[in-house]
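Each remark here refers to the structure printed beneath this line.
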Amino acid sequence: MSDFVIETKGLARSFISGNKSIEVLQGIDFSITSGESCSIQGESGSGKSTFLHLLAGLDKPDSGAIFWEGQDLKTLNNVALAKKRGSLVGMVFQSYYLVPELRAFENVLLAARITGIMNEDTEREAEKLLDRVGLAGRKTSLPATLSGGERQRVAIARALISNPKALLADEPTGNLDEETGDSIMDLLLDLCIEKEVALVLVTHNPTYASRLDRAWRLKQGRLEEQG
Amino acid sequence: MIHGMPWYIYIALRHLFPQGKRFPVFTFMSITGVALGVAVLIVVNSVFSGFGHELRTKIADTYGDLRVVNGSILFDPDSLAESLEASEKIERAVPYAHGVVMLLYRNQPLYPIIEGVDVRSEAELAKYENYLISGSINDLDDDSILLSVGFASQLNLAPGDEVDVYTPLMGLRLKNSGGDEVVLPRLLRVAGIYQTGWQRADENTVVCTLRLMQDLYDLGEGAHGLRVELEEDVDADGAAREITESLGRPFYARSWMESQAEFLSVLQFEKRMMFFLLFIIVIVAAFSIMSSLLIFVIRKTREIGLFTAMGATSRQVAGCFCIQGLIVGVTGTFAGFCMGFALLGFRTQITKAISWSMGVSDSMKEIYAFSYLPIHVVLSDLIIISVLSILVALLAGLVPAYRASKLEPVEALRSE
Ligand SMILES: Nc1ncnc2c1ncn2[C@@H]1O[C@H](COP(=O)(O)OP(=O)(O)OP(=O)(O)O)[C@@H](O)[C@H]1O
Ligand SMILES: [Mg+2]
Numbered sequence: 001m002s003d004f005v006i007e008t009k010g011l012a013r014s015f016i017s018g019n020k021s022i023e024v025l026q027g028i029d030f031s032i033t034s035g036e037s038c039s040i041q042g043e044s045g046s047g048k049s050t051f052l053h054l055l056a057g058l059d060k061p062d063s064g065a066i067f068w069e070g071q072d073l074k075t076l077n078n079v080a081l082a083k084k085r086g087s088l089v090g091m092v093f094q095s096y097y098l099v100p101e102l103r104a105f106e107n108v109l110l111a112a113r114i115t116g117i118m119n120e121d122t123e124r125e126a127e128k129l130l131d132r133v134g135l136a137g138r139k140t141s142l143p144a145t146l147s148g149g150e151r152q153r154v155a156i157a158r159a160l161i162s163n164p165k166a167l168l169a170d171e172p173t174g175n176l177d178e179e180t181g182d183s184i185m186d187l188l189l190d191l192c193i194e195k196e197v198a199l200v201l202v203t204h205n206p207t208y209a210s211r212l213d214r215a216w217r218l219k220q221g222r223l224e225e226q227g
Numbered sequence: 228m229i230h231g232m233p234w235y236i237y238i239a240l241r242h243l244f245p246q247g248k249r250f251p252v253f254t255f256m257s258i259t260g261v262a263l264g265v266a267v268l269i270v271v272n273s274v275f276s277g278f279g280h281e282l283r284t285k286i287a288d289t290y291g292d293l294r295v296v297n298g299s300i301l302f303d304p305d306s307l308a309e310s311l312e313a314s315e316k317i318e319r320a321v322p323y324a325h326g327v328v329m330l331l332y333r334n335q336p337l338y339p340i341i342e343g344v345d346v347r348s349e350a351e352l353a354k355y356e357n358y359l360i361s362g363s364i365n366d367l368d369d370d371s372i373l374l375s376v377g378f379a380s381q382l383n384l385a386p387g388d389e390v391d392v393y394t395p396l397m398g399l400r401l402k403n404s405g406g407d408e409v410v411l412p413r414l415l416r417v418a419g420i421y422q423t424g425w426q427r428a429d430e431n432t433v434v435c436t437l438r439l440m441q442d443l444y445d446l447g448e449g450a451h452g453l454r455v456e457l458e459e460d461v462d463a464d465g466a467a468r469e470i471t472e473s474l475g476r477p478f479y480a481r482s483w484m485e486s487q488a489e490f491l492s493v494l495q496f497e498k499r500m501m502f503f504l505l506f507i508i509v510i511v512a513a514f515s516i517m518s519s520l521l522i523f524v525i526r527k528t529r530e531i532g533l534f535t536a537m538g539a540t541s542r543q544v545a546g547c548f549c550i551q552g553l554i555v556g557v558t559g560t561f562a563g564f565c566m567g568f569a570l571l572g573f574r575t576q577i578t579k580a581i582s583w584s585m586g587v588s589d590s591m592k593e594i595y596a597f598s599y600l601p602i603h604v605v606l607s608d609l610i611i612i613s614v615l616s617i618l619v620a621l622l623a624g625l626v627p628a629y630r631a632s633k634l635e636p637v638e639a640l641r642s643e
């Protein structure tokens, strides 16, 4: 078994737009170990989200390979891939993506339901997580009644309920004001250290990037480590 | 709470019945659509079956469960009747005679079918007594007849009136005697007027005693056949076949169904057509489920991407939306059953209200001779209605479900 939670080798991905092919990613070697954290910066359109989707196994590369705990994703069929994705990675998005029909508490539980790990303890776990992200009093609130920062807190709790090995966060503070963004970032980093979750954080904010173990930058389809 | 429930069923329920929302309007509309279709199907189907059932009962009543004939005259009907009655399937076998006569009243001739009833059988008499709308069954003797209501109204006859009756035999006798004999018509009194509710029996028939028929048709002690009433729950067709077989040629037993096969098949056909036409309502409801679910899938595109990101398979995503169609179908069918049976339960009040608001009085009674709306609930029809409507709703969910499962997760997450 590999030490790496996620590893990529020579990852390439291009898109056809009109009659032009855009080479978004051109041979990316990347790896992250358990409990490690790294940031990915890059201009808009440089392919950060594309890269994150590939890491989550939601998209397939044109060439190159992705490994989850040493296992090549090409060897997994769709069902096995989905199952493994549920237990290995948690995702946080810029625009929260909460299910509007569910209360905060049920939104958190949903991830556990989909992963298939629901039991008596899960509910207690979800309550604890919501307490931990500072929403003790808002468990039964509907997403529509929560502020942006509060929604992102729910989303973070949801991403962590199934005890993933890696958290992939795509500009989680992108829609928030600076102050709220800072507190969300504190929370995210603390939780990842607490739970020893590997964190891949896409961000535009160099201050956040500097707080992580490693900092990468996507530029012209290549990933460069920054000093 | 609901730990064991698969997430896609849980989400399907929550999509239909969101948390913290008292009244899910869209779900209510979809369910109501199915419910209305099912309710209408149940009501109309039960009423149709009711009329059919009523008619069948009346046909069986007037014809008898089955009739045994031998192609000519039964010279010893009583002993045949006795031997048939030995069977435990047969309640009674009673001789009858029938034919056509010319009936003259105020110089107006009519040619009714005449049926001779054995008045020794109390049960046979009681049957006609039930249908009597004027006169009295006790007045029926060998010099009187009962008229069907349609026939009586054609000649404007009432009980107590007298009519002349000529039989075909009189003409024969006249011819054989070379014109020497004087043939006089038989003077008969109207003892009563009956209405069975079955049009064919009420149009052009008259009833007299078997003895009078034997007289008119020169049958002696003979009869034209036996009317057989079966014990309860004995199948008339089956019994007829058995009797035909055991008696052998030239005897033949004809059930009431066989005697009215054409009419009954029209009745059956009408019911089927009605079912198909009304089922269109359910199909329309299914289309509206389909379109609202399709819109829903498009609205939920990013959510579907999210489910995938959390480890959902495309099959589960499809299941989530398909089940919504199923839930709407099942709930709608259930609600439709409740509505349908409620309407059937209040049918008397409802028909009264309708005829009152349209200014017609008791029109039912005039046309059908039932003062109430007859219904007959057929279990197999109910099963067909529920299975088909649930199936159609499920199919309606399949299209959006397929669409949802074909969404590329990355595209779904990117969509605005
Ligand atoms: N399905 C697609 N078809 C065509 N082009 C695509 C598709 N998906 C992504 N792209 C292109 O790939 C490039 C990288 O997109 P991506 O979303 O990964 O950028 P990003 O670094 O996340 O940008 P941002 O910071 O604005 O979120 C963009 O130029 C985008 O237009
Ligand atoms: Mg992006």
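The listed protein sequences correspond, in order, to chains S and H.
Residues in the first sequence are numbered from 1 upward in steps of one, following this note's numbering.
Residues in the second sequence are numbered from 228 upward in steps of one, following this note's numbering.
Built from N, CA and C at the ideal position, the CB exists for glycine as well.
Bear in mind the structure is a predicted one, so any value in this text is a computation, not a measurement.
Residues that DSSP places opposite residue i in a beta bridge
| i | result |
| --- | --- |
| Trp216/S | Ile40/S and Glu225/S |
| Gln152/S | Answer by DSSP bridge pairing: none, since Gln152/S is not bridged. |
| Ile420/H | Ser361/H and Leu374/H |
| Asp391/H | Leu331/H and Leu414/H |
| Arg427/H | In the DSSP output, where bridge partners are listed per residue, Arg427/H has none listed. |
| Tyr479/H | Val296/H |
Where residue i falls, given that 16 or more other Cβ within 10 Å makes a residue buried
| i | result |
| --- | --- |
| Ser276/H | buried |
| Tyr599/H | exposed |
| Trp234/H | buried |
| Thr203/S | buried |
| Gln226/S | exposed |
| Gln576/H | exposed |
| Val493/H | exposed |
| Glu342/H | buried |
| Leu52/S | buried |
| Thr228/S | Given a span of 1 to 227 for chain S in the structure shown, any question on residue 228/S remains unanswerable. |
| Ile257/S | Residue 257/S falls outside the range modelled here, since chain S spans only 1 to 227, and no answer is possible. |
| Leu88/S | buried |
Chain-ordered chain S contacts of residue i [CB-CB under 7 Å]
| i | result |
| --- | --- |
| Tyr237/H | Arg113 |
| Thr540/H | Asn78, Val79 and Ala82 |
| Val536/H | Rather than Val, the amino acid found at residue 536/H in this sequence is Ala. By Cβ distance, chain S contributes Ala56, Leu58 and Met91. |
| Val637/H | His53, Leu58 and Asp59 |
Residue i (DSSP reduced to helix, strand or coil)
| i | result |
| --- | --- |
| Glu485/H | helix |
| Met91/S | strand |
| Ala466/H | helix |
| Ser314/H | coil |
| Asp59/S | coil |
| His451/H | coil |
| Gln381/H | helix |
| Asp3/S | coil |
| Gly247/H | coil |
| Ala320/H | strand |
Distance between residue j and residue i (C-alpha atoms, nearest Å)
| i | j | result |
| --- | --- | --- |
| Tyr479/H | Val455/H | 12 Å |
| Gly563/H | Glu120/S | 38 Å |
| Ala385/H | Val321/H | 29 Å |
| Thr528/H | Val544/H | 11 Å |
| Glu458/H | Ser314/H | 10 Å |
| Glu472/H | His451/H | 19 Å |
| Leu625/H | Phe514/H | 12 Å |
| Leu401/H | Glu430/H | 31 Å |
| Phe573/H | Met566/H | 11 Å |
| Gly556/H | Leu520/H | 13 Å |
| Leu640/H | Thr535/H | 9 Å |
| Asp445/H | Asp368/H | 18 Å |
| Glu389/H | Arg294/H | 31 Å |
| Gly90/S | Glu178/S | 24 Å |
Where residue i meets chain H, residues with beta-carbon distance less than 9 Å
| i | result |
| --- | --- |
| Asp62/S | Those do not exist, as Asp62/S stays about 14 Å from chain H at its closest Cβ, beyond 9 Å. |
| Tyr97/S | Arg529, Glu530, Gly532, Leu533, Ala536 and Leu640 |
Under 8 Å from the C-beta of residue i: neighbouring residues of chain S
| i | result |
| --- | --- |
| Gln246/H | Glu101, Leu102, Arg103, Glu106 and Leu142 |
| Arg241/H | Val99, Glu101, Leu102 and Glu106 |
Amino acids of chain H, ordered along the chain, whose beta-carbon sits closer than 8 Å to that of residue i
| i | result |
| --- | --- |
| Gly86/S | Met537, Gly538 and Ala539 |
| His204/S | The premise fails here: His204/S is roughly 18 Å from chain H at the closest Cβ pair, so nothing lies under 8 Å. |
| Leu146/S | Result: empty, since nearest Cβ-Cβ is about 12 Å, beyond 8 Å. |
| Leu129/S | Result: empty, since nearest Cβ-Cβ is about 15 Å, beyond 8 Å. |
Chain C contact residues for residue i, given Cβ-Cβ distances below 7 Å
| i | result |
| --- | --- |
| Leu212/S | Absent from the structure is chain C; the protein chains it does hold are S and H. |
Chain-ordered neighbours of residue i on chain S, where CB pairs are closer than 9 Å
| i | result |
| --- | --- |
| Trp483/H | Within chain S, no residue comes near Trp483/H; the closest Cβ sits about 60 Å away, beyond 9 Å. |
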